[in-house]
Amino acid sequence: MIKAHGVAEVTDADFGTQVLAERGRPVLVEFTADWCGPCRQLAPVLSAVAAEEADRLKVVQIDADSNPETLARYGVLSMPTLLVFRDGEPVRQLVGARAKRRLLQELEEVMAPAAPTAPAAPTAPAAPTAPAPA
6 MIKAHGVAEV TDADFGTQVL AERGRPVLVE FTADWCGPCR QLAPVLSAVA AEEADRLKVV
66 QIDADSNPET LARYGVLSMP TLLVFRDGEP VRQLVGARAK RRLLQELEEV MAPAAPTAPA
126 APTAPAAPTA PAPA
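Every number in my numbering is 5 more than the matching position in the sequence shown, counting from 1.
Have a look at this one:
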């Protein structure tokens, strides 16, 4: 597996505890393989994103060849596939290598904290308008 520096590796055995059980911040999972050229291009991008966004995003990798159960469960057919999980559910899928800026733009929505639902402010009745002079 092509290892991105500073990015943890997960397996079929610990996917549930490392990804699905994570609460409070989304988890970006890269499905990767040694034979995947675009995965090599993506490794430094993932390392940078993992370091810069650690408080808003957990980044992990899973080796496609060694973990067929997780690949089959999520229908992963191409490498690299990036799946974003929030509170144990997949919320975004991206396929292929991309530049860091583009990846961050694509992830911004899922990294944003969930907005608390505030009660709607009451609206004041509209002031009466004077009739227009004739």
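From the three backbone atoms N, C-alpha and C, an ideal C-beta is built for every residue, glycine too.
When the beta-carbon positions are compared, Ala18 and Gly93 stay at least 8 angstroms from each other.
A Cβ-Cβ distance of about 15 angstroms is found for the pair Leu51 and Val100, leaving them out of contact under the 8 angstroms criterion.
Counting C-beta pairs closer than 8 angstroms gives three or more between the region 32 to 44 and the region 64 to 73, which meets the contact rule. DSSP places Arg61 in the coil class of the three-state scheme, outside both helix and strand.
In the DSSP secondary-structure assignment, Arg97 is bridged to Val89.
Taking C-beta atoms as the reference points, Arg91 and Val115 count as a pair closer than 8 angstroms.
The Cβ-Cβ distance between Pro95 and Leu87 does not fall below 8 angstroms.
Here Asp60 is exposed: its Cβ has fewer than 16 other Cβ atoms, across all protein chains shown, within 10 Å. Under the DSSP assignment, Val81 falls outside any beta strand (DSSP E); it carries neither an H nor an E label. Within 10 angstroms of the beta-carbon of Gln110 lie fewer than 16 other beta-carbons, which makes it exposed.
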